Amino acid sequence: MKPGLKLLVAGAALAFFVALPQLITVKYYLHLSVLALVWVIAAQGQNLIQGYTGYVSIVQAGFMGIGAYSTALMGLHFDLPVWLTILLAPCVTAIFALATGYPSLRVKGHYFAIVTLAFNMVIFIVLMNFHQLTQGEAGITGIPKPGSRDGWINFRDREVYYYFVLIVAVAMTALAWLIVRSRVGQTLMSIRQNEDLVGAIGIAAWKYKLFAFVVSAMFAGLAGALYAHYQSFINPEIFGVAQSLDAILAVIVGGSGTIAGPVIGAFVVVFLPEYLRFADSFRLILYGLLLVLATIFMPRGIVGTLAVVWSKLERRG
Amino acid sequence: MNTMLTKWTAGAAAALVLTGGAVFAADKTLDIGVSDALTGGAAVYGLPQANAVKMAAAEINAAGGIAVGGDTYMLNVIAYDDKANPTEASNAVRKLIDRDGVKFILGFCCSGATGAVASFIENEDAVMLVGNAAERSITTREIPNLVRTRPPADYTGAAAGTFVADKGHKRVAVLGALDVGFYASYVDAFEVELNKAGGEIISREAFSLKDRDMSPQLTKIREQQPDAILVVGYVEPAAFVYRQAVELGIDVPRYGFTSGSEEQFLRVASSEQMEGVWDLRPTELTLLSASDNGIAYHKNYSDTYGIAPSPSSPYAYDQTYALKDAIEAAGTVDDTQAVAAALRELAVPDEVVMQYLPVDGTMFDVNGQAYTSNGAFQWQSGNWVFVQDLPSDAAAYSAFLSTID
Numbered sequence: 109m110k111p112g113l114k115l116l117v118a119g120a121a122l123a124f125f126v127a128l129p130q131l132i133t134v135k136y137y138l139h140l141s142v143l144a145l146v147w148v149i150a151a152q153g154q155n156l157i158q159g160y161t162g163y164v165s166i167v168q169a170g171f172m173g174i175g176a177y178s179t180a181l182m183g184l185h186f187d188l189p190v191w192l193t194i195l196l197a198p199c200v201t202a203i204f205a206l207a208t209g210y211p212s213l214r215v216k217g218h219y220f221a222i223v224t225l226a227f228n229m230v231i232f233i234v235l236m237n238f239h240q241l242t243q244g245e246a247g248i249t250g251i252p253k254p255g256s257r258d259g260w261i262n263f264r265d266r267e268v269y270y271y272f273v274l275i276v277a278v279a280m281t282a283l284a285w286l287i288v289r290s291r292v293g294q295t296l297m298s299i300r301q302n303e304d305l306v307g308a309i310g311i312a313a314w315k316y317k318l319f320a321f322v323v324s325a326m327f328a329g330l331a332g333a334l335y336a337h338y339q340s341f342i343n344p345e346i347f348g349v350a351q352s353l354d355a356i357l358a359v360i361v362g363g364s365g366t367i368a369g370p371v372i373g374a375f376v377v378v379f380l381p382e383y384l385r386f387a388d389s390f391r392l393i394l395y396g397l398l399l400v401l402a403t404i405f406m407p408r409g410i411v412g413t414l415a416v417v418w419s420k421l422e423r424r425g
Numbered sequence: 528m529n530t531m532l533t534k535w536t537a538g539a540a541a542a543l544v545l546t547g548g549a550v551f552a553a554d555k556t557l558d559i560g561v562s563d564a565l566t567g568g569a570a571v572y573g574l575p576q577a578n579a580v581k582m583a584a585a586e587i588n589a590a591g592g593i594a595v596g597g598d599t600y601m602l603n604v605i606a607y608d609d610k611a612n613p614t615e616a617s618n619a620v621r622k623l624i625d626r627d628g629v630k631f632i633l634g635f636c637c638s639g640a641t642g643a644v645a646s647f648i649e650n651e652d653a654v655m656l657v658g659n660a661a662e663r664s665i666t667t668r669e670i671p672n673l674v675r676t677r678p679p680a681d682y683t684g685a686a687a688g689t690f691v692a693d694k695g696h697k698r699v700a701v702l703g704a705l706d707v708g709f710y711a712s713y714v715d716a717f718e719v720e721l722n723k724a725g726g727e728i729i730s731r732e733a734f735s736l737k738d739r740d741m742s743p744q745l746t747k748i749r750e751q752q753p754d755a756i757l758v759v760g761y762v763e764p765a766a767f768v769y770r771q772a773v774e775l776g777i778d779v780p781r782y783g784f785t786s787g788s789e790e791q792f793l794r795v796a797s798s799e800q801m802e803g804v805w806d807l808r809p810t811e812l813t814l815l816s817a818s819d820n821g822i823a824y825h826k827n828y829s830d831t832y833g834i835a836p837s838p839s840s841p842y843a844y845d846q847t848y849a850l851k852d853a854i855e856a857a858g859t860v861d862d863t864q865a866v867a868a869a870l871r872e873l874a875v876p877d878e879v880v881m882q883y884l885p886v887d888g889t890m891f892d893v894n895g896q897a898y899t900s901n902g903a904f905q906w907q908s909g910n911w912v913f914v915q916d917l918p919s920d921a922a923a924y925s926a927f928l929s930t931i932d
């Protein structure tokens, strides 16, 4: 696809997302859209480490949890403004990511995935058992929304919060795009293709991998913070391994190693299980089946498949 | 011919009027929602609750529906699976309110999912009726449009502690799902009362919902030689604890807080392995202790679903009748504030199964919390047998609950 056309598609997508609240007649779908946009941010982070660097990390939801609990606890205990805690949440997550990323990235492939899985489980157990700080399974309620009730923008309004998260999601998607296009991004993709060769030409691959891992975690931390202030409630259940697998799925289904892929994948991961509610107890079986079929028949994800179809059409035309 | 036609017309008109009234009455449908764990580990509590609401709705419909002003409403239940997951529960409730237009939402077996919904329900034009979820904080915020039929876990834990202390046990080992908030609060309240009588908890060993091999924890407990063990947790892991305690030769009284039915326990442990086990819990449904309502509920549920009801399922059944009475008292199905206020003023309905202890004459106190009596049940020859009431001061606990922010 030509760059001009890509820009046109991106612009049309943005216009669609801006107009979405006006097109939606049932507010429930607006609620799902807010959640999907939160997942767009987390999935863009996941895509940096998984899609562009080639390392499958299974700790994205754990990092979302750190971001969510950081913003909630900083607000509750230090009485910091919501805006500040949202900004600090990715920074706190980055510190944890640095501590976990350094040992994790000493191993590759499946071993890396298993180590990060273990970290997610550790985060979950700590959130569950450190009652004095996290209130365990009961969770933290009453997490405030940004702004005051009498402020000129009412963030308690779902539509306003949608636009707020949309702005952040667009900004983070743009940031991911800038990273990918930069020299750092090119190095990350080189690591994905052949890490040994990258090392052989004198590039310290571990620094770039650590960068991707930490930035990925910061995306997740920010997503977690936005989730916490939207739902006003968090407990550890939301940040388990199953949710980390959702982040991986969002990247795979949407299109690994593409900027648009995580956007589409995040919406699929949030909306599909909800659309399948008509199937009652067969819902998750159907969900799993659809994902298996999608992975088999669309290994490059939705974006990759569309690109193939488009190039075929272009050749015929 | 004309006379004949006139007679037919008059007859048809009369028939229209007569049947028309019935058609109009039948046309009024009130959708009520259920958000509960219909699948997954917590479905042992959630699915029976959803079934109980459907059964109560069918009974109410068969008895003529809910009378509001001159209208009669038939109930239609829309149930969604929340898998006891907070995000799923939020999505399910948002869907019920925003898409399905439901104003009354029942069910809620599990605390995490319930806490998530409770965090935003105050801002919604809806009434939330919580069932089995026992986490105390759900009713400490005095949310005006939320009520709960099950008492908090620490209300029962304190009564259990007194009971075990009265049995003369001084050294009690605890094994349970201690990472789950309401089980931990049960044990904390239990410990306070045990300490008052000079007893102590000598160890706290934990298991998770999916654990099946409890022998490491039980072996450690056996070495500590406790006077008794206390097991708190979901039915299935608790049943494994009881079974494996016998297999490891631990011969001390076993107390628990599980609310499992006979059928649920017998899937894991034999009746011989369960013999003598105590369950110290709200006086929930067991056939041998049930009132006439309880016996009828047990029979109807068994006939309808082909399986015995879980002991905690009537919390949801009772919600439905409380809602019916509140709607009739408020005289509206549209004004949720009026219905929520009517719930707070409601006397205990005649049809309920649980044995509620009214506070100031009402089923729900100012916090929206209902209280049942607590009871000591013992497994005897394949059944849970009600042995005695546990001390339950609903008024005092209600006053205490009001002091918690």
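Chains as they are written, first to last, in this note's numbering: chain A, 109 to 425; chain B, 528 to 932. Backbone N, C-alpha and C define an ideal beta-carbon position, used for all residues, glycine too. Note that the structure is predicted; figures quoted are calculated from it, not measured.
Extent of the continuous alpha helix (DSSP H) run through residue i
i        : result
B/Glu727 : First-last for B/Glu727: 727-733, but that is the beta strand (DSSP E), not the alpha helix (DSSP H).
B/Thr556 : Careful: B/Thr556 lies outside any alpha helix (DSSP H), inside the beta strand (DSSP E) at 556-563.
A/Gln67  : What is shown of chain A runs 109 to 425, which leaves residue 67 of chain A out entirely.
B/Asn901 : Careful: B/Asn901 lies outside any alpha helix (DSSP H), inside the beta strand (DSSP E) at 901-907.
B/Ala585 : 570-589
A/Leu305 : 291-308
B/Gly684 : 680-693
Cβ-based neighbour list, residue i, same chain, cut-off 6 Å, excluding 5 preceding and 5 following
i        : result
A/Gly153 : Ser324, Phe327, Ala328
A/Asp354 : Val377
B/Asp920 : none
A/Ala313 : Ile299, Glu303, Val306, Gly307
A/Ala320 : Leu156, Ile157, Thr161, Leu296
Test: residue i CB closer than 8 Å to a CB of chain B
i        : result
A/Arg257 : no
A/Leu140 : yes
A/Gly170 : no
A/Gly332 : no
A/Phe341 : yes
A/Asn237 : yes
A/Lys135 : yes
A/Ala246 : yes
A/Gly112 : no
A/Ile346 : yes
A/Thr249 : yes
A/Val273 : no
8 Å Cβ cutoff, residue i in contact with chain A
i        : result
B/Val550 : The pLDDT assigned to B/Val550 is 42, lower than 50, so where the model puts this residue is not dependable, and the model offers no usable value.
B/Gly639 : yes
B/Val707 : yes
B/Ser929 : no
B/Glu662 : yes
B/Thr746 : no
B/Val643 : In the sequence as presented, Val is not what sits at residue 643 of chain B; that position holds Ala. It does: the Cβ of B/Ala643 has a partner Cβ on chain A nearer than 8 Å.
B/Asp738 : no
B/Tyr794 : Correcting the residue identity first, residue 794 of chain B is Arg in this sequence and not Tyr. Taking Cβ atoms only, chain A never reaches closer than 8 Å to B/Arg794, which makes this a no.
Start and end residues, beta strand (DSSP E) containing residue i
i        : result
B/Thr599 : 598-608
B/Asn910 : 910-917
B/Phe631 : 631-634
B/Gly642 : Taken as a continuous stretch (DSSP letters only), B/Gly642 belongs to no beta strand (DSSP E), being part of the alpha helix (DSSP H) at 638-648.
Close Cβ partners of residue i (< 8 Å) along its chain, the five nearest in sequence each way excluded
i        : result
A/Arg266 : Lys135, Leu138, His139, Val142
B/Leu917 : Thr683, Ala686, Ala687, Thr689, Phe690, Leu807, Ser900, Asn901, Gly902, Ala903
B/Ala868 : Pro671, Ala857
B/Gln791 : Val571, Val762, Glu763, Ala766, Ser837
Residues near residue i in its chain [Cβ-Cβ closer than 7 Å; skip 5 each side]
i        : result
B/Ala922 : Val886
B/Gly591 : Thr599
Residue i: contacting residues in chain C (beta-carbon distance under 9 Å)
i        : result
B/Arg626 : Protein chains A and B are contained in the structure displayed, whereas chain C is not.
Where in the segment 781-828 of chain B do unbroken runs of the beta strand (DSSP E), each at least 3 residues long, occur, reported from the N-terminal end onward? 781-784, 805-809
Segments assigned alpha helix (DSSP H), at least 4 residues, entirely inside the segment 324-397 of chain A: 349-362, 368-383
Output the residue ranges of the alpha helix (DSSP H) runs that lie fully inside the segment 740-770 of chain B and measure 4 residues or longer, sorted by chain position. 742-751
Counting only runs of 3+ residues fully inside the segment 143-198 of chain A, write out the beta strand (DSSP E) ranges in chain order. none
Three or more beta-carbon pairs under 8 Å between the segment 560-567 of chain B and the segment 621-641 of chain B, yes or no? yes
Under 8 Å, with one C-beta from each stretch per pair, do the segment 360-380 of chain A and the segment 395-415 of chain A reach the 3-pair mark? yes
Within 8 Å, do at least three Cβ pairs link the segment 709-717 of chain B to the segment 739-746 of chain B? no
Does the segment 756-764 of chain B come close enough to the segment 872-885 of chain B that 3 or more CB-CB pairs lie under 8 Å? no
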